[in-house]
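Counting along the sequence shown from 1, when you hit position 44 you're at 1026 in the numbering used here, and nothing is skipped either side. Note that beta-carbon positions come from the ideal geometry of N, C-alpha and C, so glycine has one too. Have a look at the structure below before the remarks.
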Amino acid sequence: DVETGFGRVSAGGALKLLCEQKPDLTTCPEVVLPKADLAVQHLSVENSATSYIHTLEITNNGPDSVDASSFVYTPDHGFSLQNITANGQDISAVCVVDSSINCELGPMTNGEVRTVIIDVVSIENKDTSSHFTVSSVIEDPDNSNKSISIKAVSSTHPT
């Protein structure tokens, strides 16, 4: 990474920025910036009374690795976070919880899969819809698989 007047950018990004600012340079190389297709898949939801346990799979479909990745879980109404893990490790320390849960997952190599389990208690005793979105700091060539919405039916409020 290189520090510029525009903030911190990758070496390739800095070179591209320099070439754009100095059009008289005759030897600006073609810069290919990395891309990674991060995808989220909802595997299951377990619920009892007002507790919901979501199991998600987040995959880096490449072609490149990412230095930083994150996901956001947004339910449609109030909740209390009970537990959150990625590949069996508690990740609550790298999550910000307010009306949603935003967690940092860190680097992911091409082909890497993370299983995320989110255990929440709904403050309201009713069905809930949740939205999950995954992202990284580099371009995602396929935005169609980075977000999903799930409706969960409360076991004490059947439809």
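* Can you check whether the CB of Thr1032 is closer than 7 Å to the CB of Ser1104? -> Looking up residue 1104 in the sequence shown gives position 122. Looking up residue 1032 in the sequence shown gives position 50. Here Ser1104 is near Thr1032, since their CB atoms are less than 7 Å apart.
* Which full runs of the beta strand (DSSP E) of 3+ residues lie inside the stretch 1050-1134, going along the chain? -> Counting whole runs of 3 or more residues, the stretch 1050-1134 contains the beta strand (DSSP E) stretches 1051-1057, 1061-1068, 1077-1079, 1083-1086, 1095-1104, 1110-1118, 1129-1134.
* To the nearest angstrom, how far is it from the Cα of Tyr1055 to the Cα of Phe1114? -> As a working mapping, residue 1055 is identified with position 73 in the sequence shown. As a working mapping, residue 1114 is identified with position 132 in the sequence shown. In this structure, the straight-line span from the alpha carbon of Tyr1055 to that of Phe1114 is close to 5 Å.
* Are the stretch 1023-1031 and the stretch 1072-1090 in contact at 8 Å, needing three or more beta carbon pairs? -> Two segments are said to touch when three or more pairs of C-beta atoms, one from each, lie closer than 8 Å; by this definition the stretch 1023-1031 does not touch the stretch 1072-1090.
* To do: Can you tell me which of Ala1068, Leu1038, Leu1063 puts its alpha carbon nearest to the alpha carbon of Ser1026?
  => For this step, residue 1026 is matched to residue 44 along the sequence shown. From the listed residues Ala1068, Leu1038, Leu1063, the smallest Cα separation to Ser1026 is found for Leu1038.
* Asked: If you follow the beta strand (DSSP E) that Pro1016 is part of, which residue opens it and which one closes it?
  -> Walking along the sequence shown from the start, residue 1016 turns up at place 34. First-last for Pro1016: undefined, no H or E at that position.
* **Under the three-state DSSP convention, the category Thr1032 falls into** => What you label residue 1032 is simply residue 50 of the sequence shown in a count that begins at 1. Residue state, collapsed to three classes: coil.
* Asked: Which of the three DSSP states, helix, strand or coil, is assigned to Ser1026?
  -> As a position in the sequence shown, residue 1026 is number 44, starting the count at 1. Note: Ser1026 maps to strand in three-state DSSP.
* Asked: Asn1042 bridges to which residues according to DSSP?
  -> Here residue 1042 corresponds to residue number 60 of the sequence shown, with the count starting at 1. Note: Asn1042 sits in a beta bridge opposite Leu1020.
* Candidates Gly1060, Ala1068, Pro1057: which alpha carbon is nearest Thr1041's? -> Counting from 1 along the sequence shown, the entry for residue 1041 is found at position 59. Its Cα nearest to that of Thr1041, the residue Ala1068 stands out among Gly1060, Ala1068, Pro1057.
* For Ser1117 and Leu1015, believed in contact at Cβ under 8 Å, the rounded distance -> Within the sequence shown, the letter at position 33 stands for residue 1015. Within the sequence shown, the letter at position 135 stands for residue 1117. Between Leu1015 and Ser1117, the beta carbon gap of about 16 Å keeps them out of contact (Cβ cut-off 8 Å).
* Nearest to Gly1093 (by Cα), restricted to the options His1024, Ser1047, Lys1017 -> Start at 1 with the first residue of the sequence shown, and residue 1093 comes out as number 111. Measuring from the Cα of Gly1093, the nearest candidate turns out to be Ser1047.
* Between Asp1101 and Ile1130, what straight-line distance do the alpha-carbon atoms span, to the nearest angstrom? -> As a position in the sequence shown, residue 1101 is number 119, starting the count at 1. As a position in the sequence shown, residue 1130 is number 148, starting the count at 1. Rounded to whole angstroms, Asp1101 to Ile1130 spans 17 Å at the Cα level.
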